[in-house]
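Participant: Pasting in a structure now, in structure tokens, and then I'll have a few things to ask.
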Amino acid sequence: ELANISWALATTREMLPWVVAELPRCGGDLRPQEAANALWALAKSSQPVADLAGALVHGGLNLAAWKPQELANAAWAVSTNLQAKPSAVALELFHDALRSRAPELNSLELAMAAATLQEASPA
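Heads up: the sequence shown begins at 213 in the numbering used here, then just goes up one per residue.
Spelled out as structure tokens, the structure:
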């Protein structure tokens, strides 16, 4: 439910502070679509994603269960906050999963993945 609330708030470009604070506490319990939506919502509403990314990593991401769109969306979201180490670690995991599943990606998902690779490249 919290992931859906965060997604809905982000579509209005608003985010409630309690939602931002609560999402990382739920991180390990979120299903792939919920996790991807919550990461997207935080990034879209210019909120930090590092705490949730860290919670997901520590919760044991089973990226094999994620759909290509979820992987691409989550990778985009964490690429918006790479100065935080949990985001960089999560992005590396998402990139590994995206590379191994590249044949499954549609053109939009490939474009999103490519954009995150560019964001992660050192200047």
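Glycine is no exception: its CB is placed at the ideal position from the N, C-alpha and C atoms.
Since the structure is predicted, the reported quantities are computational estimates derived from the model, not experimental observations.
1. Since Gln235 and Leu264 should fall inside the 8 Å C-beta cutoff, what is the C-beta to C-beta distance between them, to a whole number of angstroms?
2. Once the 5 residues before and after Leu283 are set aside, which same chain residues still bring their CB inside 6 Å of it?
3. Are Glu316 and Pro260 close, meaning C-beta to C-beta below 8 Å?
4. How many angstroms separate the CA atom of Arg243 from the CA atom of Trp278?
5. Could you tell me if Gly239 is buried or exposed, where buried requires 16 or more neighbouring beta carbons within 10 angstroms of its beta carbon?
6. Determine the direct distance from the alpha carbon of Ser299 to that of Ala335, and round the result to whole angstroms.
Facilitator: The short version:
1. Sequence check: residue 235 is Leu here, not Gln. Going by Cβ atoms, the distance from Leu235 to Leu264 rounds to 5 Å, so yes, they are a contact pair.
2. Phe306, Ala309 and Leu310
3. no
4. 9 Å
5. buried
6. Its pLDDT being 47, under 50, Ala335 is placed unreliably in this model, and the coordinates cannot settle the point.
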